[in-house]
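To start, the structure itself, in structure tokens.
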Amino acid sequence: MAKSGGEPRPEGPPASGHESPEQRLRQEEERLQAAYARRSCGDLYSCFNPGHLFLVQQREQRMLELLRRHGFARLEDRRILEIGCGEGFWINEFIKWGAKAAHITAVDLIWRHVELTRARTNEEVTLICANAASLDLPDASFDLVLQATVFTSILDPAMKARVAGEMVRLLKPGGLILWYDYHVDNPANPDVKGVKKAEIHRLFPGCRIELERLTLAPPLCRALAPYSFLLCHLLAKIPFLCTHYLGAIRKAKA
């Protein structure tokens, strides 16, 4: 049965520069809620958009290859946590790949996202509306933790560190964090900031980290895909044209 927390609290006073860590955390929550409220993607993320379809298919192929390399080719007995579930896309992907809905927990800060996910995914998925920097879940509960384009949206370094710490805490020894996020900034969107390789290593000390470039720059892909998927495939092999990291972050075994 799907579960969720309460709706987000109303916005508080502006930052003064002398806030406690909890006040800063709350202010970053409010900034994120406002940023997502402003977003309007139209049909950019529709699979009827050839550019988006190309990116989705390429990402699925590479992600499945990564999971297989790391011993996650069978998902039915794996317990999975998603940080920042959005509208439920990745939950449905993991169910398609063989995960059991009852073994999936998904967290999102935005109440509207939780509602959309509830409407679009299996009712056995556990949904939680909460800040992933502090989750009321037991240590070492999950075999696999996923974050996809969440850290790009978090601009406060302290909140990033806390979310990363929670991901590691909730992961079983030897478990896997699946990372997919921008490593470049988006000049058209001041609400996001790319996460570089060095920062990923700082966020997950003591973990074994494997990163690969992925995702042909979306504006370029959207322009070319209606005419040639082959050209997109060829350009996607050029690392400096790819805007994201796909990563496997392995927690040390006890």
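Residues 1 to 254 (this note's numbering) make up the sequence shown, in order. Even for Gly, the Cβ is constructed at its ideal location relative to N, Cα and C. For clarity, every value in this text was computed on a predicted model and none was experimentally measured.
- What residues are listed by DSSP as bridge partners for G247? W179, L211
- Strand pairing of E166, partner residues [DSSP]: In DSSP, E166 forms no bridge with anything.
- Should G71 go down as buried or exposed, given a rule of 16 or more other Cβ atoms within 10 Å for buried? exposed
- Item | Option nearest E76 by Cα separation, candidates A101, E123, R39, K237 | A101
- Is there a Cβ from chain C that is less than 9 Å from the Cβ of N122? No chain C is part of this structure, which consists of one protein chain only.
- Item | Identity of the residue in E30, I200, I80 nearest E210 by Cα | I200
- Task: Report the three-state DSSP secondary structure of T117 (helix, strand or coil).
- Result: helix
- Message: So, for N122: in the same chain, excluding its five sequence neighbours on each side, which residues have a beta-carbon less than 7 Å away from its beta-carbon?
- Response: I95, A101
- Task: Pick out the complete beta strand (DSSP E) segments inside the stretch 38 to 103, 3 residues or longer, and give them in chain order.
- Result: 80 to 83
- Item | C-beta atoms of F142 and L178 nearer than 9 Å | no
- Query: Going by C-alpha distance, which of L155, V184, A140 is nearest V168?
  - Reply: A140
- Item | Assigned exposure category for Y227 - 16 Cβ within 10 Å defines buried | exposed
- Inter-stretch contact at 8 Å, needing at least 3 Cβ pairs: the stretch 237 to 244 / the stretch 202 to 217: yes
- Query: Quick one: Cα of D136 to Cα of L25, how far?
  - Reply: 17 Å
- Task: Pull up the DSSP beta-bridge partners for C242, would you.
- Result: L216
- In the structure shown, what three-state DSSP assignment does T152 receive? helix
- Message: Let me confirm a value: K237 is counted as buried when at least 16 other C-beta atoms fall within 10 Å, else exposed. Which label applies?
- Response: exposed
- Task: Evaluate H18 with the Cβ neighbour count: other Cβ atoms within 10 Å of its Cβ, from every protein chain shown; 16 or more gives buried, anything less gives exposed.
- Result: exposed
- Item | Reduced DSSP category for P173 - H, G, I as helix; E, B as strand; rest coil | strand
- Message: Here's the rule: buried if 16 or more other CB atoms are within 10 angstroms of the residue's CB, otherwise exposed. What is S134?
- Response: exposed
- Message: Between A158, R118, F204, A164, which has its C-alpha nearest Q23's C-alpha?
- Response: A158
- Item | Span of the beta strand (DSSP E), counted from its first residue to its last, around L127 | 126 to 129
- Message: If you follow the alpha helix (DSSP H) that L235 is in, where does it begin and where does it stop?
- Response: 229 to 235
- Local conformation of A158 per DSSP, three classes: helix
- Task: Have a look at E87, K253, R202 and flag the residue whose alpha-carbon is nearest the alpha-carbon of W111.
- Result: E87
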